[in-house]
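Residue numbers (the numbering used here), protein chains in the order written: chain A, 132 to 566; chain B, 10 to 302. All residues carry an ideal CB built from backbone N, CA and C; glycine is no exception.
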Amino acid sequence: MGDLAIRVEDLSKLYRIGLAASRHDTLRDAIADFGSKISRFARRPTASKLTTRNSSSDTFWALKEVSFEVKRGQVVGIIGRNGAGKSTLLKILARITEPTRGRAEIHGRVGSLLEVGTGFHPELTGRDNIYLNGAILGMKKVEIRRKFDEIVAFADLERFLDTPVKRYSSGMYVRLAFAVAAHLEPEILIVDEVLAVGDGSFQKKCLRKMEDVGKQGRTVLFVSHSMPAITRLCERAILLDKGSVLQDGPSDLVASSYLTSGLGTAAVREWVDPEKAPGGEVARLRAVRVKGQDGKTAETIDIGEPVFVEMEYDVIKPGYKLLAHLQFYNEVGVHAFSAHDVDPSWRRRPRPVGRYTSTVQVPGNLLSEGTMFVGAGLETLDPVMVEVYLLDLVAFHVTENLSSSHSARGDYAGKMGGVVRPLLKWSTKLNPQSD
Amino acid sequence: MSTKTNISPPFPSSLIERPVHAPIHVVQPSKGLFRLDLPATWHYRELLYFLVWRDIKVRYKQTVLGMGWAIIQPLMMMVVFTLVFSMFAKVPSDGLPYPIFAYAALLPWTYFSEAVSRSSGSVINDANLIEKIYFPRVLMPVAGVLTPLADFVPAFGILLGMMAWYGLSPSWNVFVLPAFLILALLTALSVSLWLSALNVRYRDVKHTVPFLVQLWLYASPVVYPVSLVPERWRVVYSLNPMAGVIEGFRWALLGKEGPDFMVMVVNASMVLVLLMGGLIYFRRMERTFADVI
Numbered sequence: 132m133g134d135l136a137i138r139v140e141d142l143s144k145l146y147r148i149g150l151a152a153s154r155h156d157t158l159r160d161a162i163a164d165f166g167s168k169i170s171r172f173a174r175r176p177t178a179s180k181l182t183t184r185n186s187s188s189d190t191f192w193a194l195k196e197v198s199f200e201v202k203r204g205q206v207v208g209i210i211g212r213n214g215a216g217k218s219t220l221l222k223i224l225a226r227i228t229e230p231t232r233g234r235a236e237i238h239g240r241v242g243s244l245l246e247v248g249t250g251f252h253p254e255l256t257g258r259d260n261i262y263l264n265g266a267i268l269g270m271k272k273v274e275i276r277r278k279f280d281e282i283v284a285f286a287d288l289e290r291f292l293d294t295p296v297k298r299y300s301s302g303m304y305v306r307l308a309f310a311v312a313a314h315l316e317p318e319i320l321i322v323d324e325v326l327a328v329g330d331g332s333f334q335k336k337c338l339r340k341m342e343d344v345g346k347q348g349r350t351v352l353f354v355s356h357s358m359p360a361i362t363r364l365c366e367r368a369i370l371l372d373k374g375s376v377l378q379d380g381p382s383d384l385v386a387s388s389y390l391t392s393g394l395g396t397a398a399v400r401e402w403v404d405p406e407k408a409p410g411g412e413v414a415r416l417r418a419v420r421v422k423g424q425d426g427k428t429a430e431t432i433d434i435g436e437p438v439f440v441e442m443e444y445d446v447i448k449p450g451y452k453l454l455a456h457l458q459f460y461n462e463v464g465v466h467a468f469s470a471h472d473v474d475p476s477w478r479r480r481p482r483p484v485g486r487y488t489s490t491v492q493v494p495g496n497l498l499s500e501g502t503m504f505v506g507a508g509l510e511t512l513d514p515v516m517v518e519v520y521l522l523d524l525v526a527f528h529v530t531e532n533l534s535s536s537h538s539a540r541g542d543y544a545g546k547m548g549g550v551v552r553p554l555l556k557w558s559t560k561l562n563p564q565s566d
Numbered sequence: 010m011s012t013k014t015n016i017s018p019p020f021p022s023s024l025i026e027r028p029v030h031a032p033i034h035v036v037q038p039s040k041g042l043f044r045l046d047l048p049a050t051w052h053y054r055e056l057l058y059f060l061v062w063r064d065i066k067v068r069y070k071q072t073v074l075g076m077g078w079a080i081i082q083p084l085m086m087m088v089v090f091t092l093v094f095s096m097f098a099k100v101p102s103d104g105l106p107y108p109i110f111a112y113a114a115l116l117p118w119t120y121f122s123e124a125v126s127r128s129s130g131s132v133i134n135d136a137n138l139i140e141k142i143y144f145p146r147v148l149m150p151v152a153g154v155l156t157p158l159a160d161f162v163p164a165f166g167i168l169l170g171m172m173a174w175y176g177l178s179p180s181w182n183v184f185v186l187p188a189f190l191i192l193a194l195l196t197a198l199s200v201s202l203w204l205s206a207l208n209v210r211y212r213d214v215k216h217t218v219p220f221l222v223q224l225w226l227y228a229s230p231v232v233y234p235v236s237l238v239p240e241r242w243r244v245v246y247s248l249n250p251m252a253g254v255i256e257g258f259r260w261a262l263l264g265k266e267g268p269d270f271m272v273m274v275v276n277a278s279m280v281l282v283l284l285m286g287g288l289i290y291f292r293r294m295e296r297t298f299a300d301v302i
């Protein structure tokens, strides 16, 4: 066991569907539900019945019999699409929630970082919050005092130490929060997508810090949607899907099979076999692709450049008027916008059988930084029939090079937020007669 | 994807220095009723200190009167009670001046009601922490009953001032006062352990607490003396630990007739039972906090 850091055996977690939405907020509901609870207790699910949706209907397994081992000093990436069980796994290992079945052994002091700035209090100063946040993350007071100067220097916020953090910009806030977290020195570090925040140069600083953590021989479990970050930081990756381990191996292999399997949302999604292509009697979707200005498929688009999303589809029954459309969602599931094909060439015209390509151009300086998930749909007009409507088919990352000056950011370096970030026309002038 | 750099250590990981006795945590579904896990809780004592420190620091931020509020609340209650119950309703006060009779009770009462309101909401008010980080959750209700002690100190100072004004000097009994304060604290904690855990699942608790505290005030000898309670109800009445606390305060400070020793023993054992039950219930519910909150 000497080299072992984490051993996970048959870890499973059962959730009740809609627990968050329809939990018993009132005693009256609870009393009404009391009877059914007793009957549910009588037939607790058993291991042999581990299916995604339990047959007793209102439960599902967020994690199903997950097993793996992590050696001391390994940096392991956990990937998978939303709802694959990544966060549940981290929460169990971080002891925030209990597994329903199975066990995990953790050898060493665990530090978890599921969110930057957990427990920050807006009314307290930066100095106070360093102590508070440090203590919440599990540091001892003497330890925080010893590293205090280092933390402040890392965050680069010396001048604002005695300002309440509610007066901080979000960029400053994240910097301070990450600086505290980066100085946590557990033997095992569990990190959820925390690098998705902060500006580009600070993100790089954080990535370097994470690399150092790996080099110091500490064990790291790291969840991210960013495959470049995974392949850069981790030697090994575990791919989760529907609560189970689908693949476990060298990070570049796992990351690329994740992206091409259609599990992960890559820039391209194609259906080679027409039988398996989604669609109805009239039309079938054959491909959706994200392309850059140069016409090549692109996963990453600079914020100032246009992005082209292309739908390829077959019309297999002639004589119908068709509407192709795309749905854009950001990484937290906010519907940014819909785009409907308005090209007059085939608008409101019955279409003959054949292969069509519809491309939309999303201008530069419209979307925010982050990942956009694109869904596609095809429907006939009179009569209206939905032939295809699928979300999260392809994805692309909008990134920003801070040195470029053509974005809506101006001279601000912190987090901007918002679903869109249009470059708007501004005018500022000095009024000659002001009192 | 192109920027892959190899960061695996250039030497076997077994050569890296590490503590020989690394602690081993086992994460698995918990079994059994008694899982108090006190050593782990003790390990996090510094966090308890920081939680209390945070709440005290934040409490009077952006208020003009600041700590003044700690004094104003019991003082105003004393004035109102003196007007209503002493001057209008002519409630007796066992031969003591009514204002000081009321204030000596309001001192532990204000602490108690503040502790229960704070502590019963402690878990849901820090929902974010519950969802994102592990620590023994029991620290939250404990911090909730410790924080209002900060208000107790200045309010106690006022009482000493009032005693000087009325020419009352405390006897040696005053050294027993901490015992009564601890009884009030444990009573508040035992109630809050139940309420704070219930509050996670049933937000009804949030609406019940102010009402409960209000009722409890009239079930305790704050505005009236125990001597006013009919003899046949005394036994039931003395089951209320706060009655013991308040009588204890009046005895220790104002030299009123002492509380019955047996009643105090019954009170203390009741609180202990309630406290143990609350702890067990809290630890049981704690496992699902992150899923339900």
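- Contact between F527/A and I432/A holds, with the beta-carbon distance rounding to 6 Å and staying under 8 Å.
- Here V35/B is exposed. Its C-beta has fewer than 16 other C-beta atoms within 10 Å.
- In the DSSP assignment, V505/A falls within the beta strand (DSSP E) that extends over 501 to 511.
- In the three-state reduction of the DSSP assignment, L320/A falls in the strand class.
- Per DSSP, the continuous beta strand (DSSP E) segment holding D379/A begins and ends at 375 to 381.
- At a Cβ-Cβ threshold of 8 Å, L315/A and G257/A do not count as neighbours.
- Residue environment for Y112/B: buried (at least 16 other C-beta atoms within 10 angstroms of its C-beta).
- Under the 8 Å criterion on CB atoms, S218/A is classed as non-interfacial with respect to chain B.
- Using a CB distance below 9 Å, the part of the region 49 to 80 of chain B facing chain A consists of Y53, E55, L56, Y58, F59, L60, W62, R63, K66, V67, K70, Q71, ordered along the chain.
- Of all residues in the region 136 to 153 of chain B, the ones placed with a Cβ closer than 9 Å to any Cβ belonging to chain A are N137, L138, I139, E140, K141, I142, Y143, F144, in chain order.
- Where L142/A is concerned, the enclosing beta strand (DSSP E) starts and stops at 135 to 147.
- Per DSSP, the continuous alpha helix (DSSP H) segment holding T119/B begins and ends at 107 to 129.
- DSSP places W477/A in the coil class of the three-state scheme, outside both helix and strand.
- Under the Cβ criterion of 8 Å, V36/B is counted among the residues facing chain A.
- Residue-level contact by beta carbon fails for I133/B and chain A, as no gap is shorter than 8 Å.
- If you ignore the 5 residues before and after A159/B, its C-beta comes within less than 7 Å of the C-beta of I65, all in its own chain and listed in chain order.
- Scanning L457/A, I227/A, P494/A, L142/A for the CA closest to the CA of I302/B turns up I227/A.
- For A299/B, at least one C-beta of chain A is nearer than 8 Å to its own C-beta.
- Around S39/B, the beta-carbon contacts reaching into chain A at under 9 Å are E229.
- With fewer than 16 other beta carbons inside 10 angstroms of its own, E289/A counts as exposed.
- Here S243/A is bridged, per DSSP, to I321/A.
- A distance below 7 Å between beta-carbons, with the five flanking residues on each side excluded, links S129/B to the following residues of its chain, in chain order: S201, L204, S205, N208, V214, V218.
- When beta bridges are read from the DSSP output, E266/B appears opposite no residue.
- For M96/B, the closest of R296/B, I139/B, P108/B by C-alpha to C-alpha distance is P108/B.
- Secondary structure at K278/A: helix, using DSSP grouped into helix, strand and coil.
- Chain-order list of chain B residues neighbouring T249/A: N137, L138, K141, I142, by C-beta distance under 8 Å.
- The beta carbon of D379/A lies closer than 8 Å to those of F199, R367, A368, I369, L370, V385 in the same chain, with the five residues before and after it left out.
- Going by C-alpha positions, V254/B is about 12 Å away from Y120/B.
- For H252/A, the nearest beta carbon of chain B is closer than 8 Å to its own beta carbon.
- Setting aside the 5 residues that flank it on each side, I167/B is surrounded in the same chain by I80, P83, L84, Y112, each with a C-beta closer than 8 Å to its C-beta; the list follows chain order.
- Only buried fits H456/A, as 16 or more other CB atoms lie within 10 angstroms of its CB.
- In the displayed model, W402/A falls within coil according to three-state DSSP, outside both helix and strand.
- Segment contact: the region 136 to 145 of chain B against the region 182 to 202 of chain B, fewer than three CB-CB distances shorter than 8 Å; contact not assigned.
- Between P106/B and W118/B, the alpha-carbon positions lie close to 19 Å from each other.
- In this structure, V322/A lies away from L292/A, with their beta-carbon atoms at least 8 Å apart.
- Residues of the same chain with a CB within less than 8 Å of the CB of V197/A, apart from the 5 flanking positions on each side, are V139, D141, L142, S143, G216, L220, G233, L371, G374, S375, V376 in chain order.
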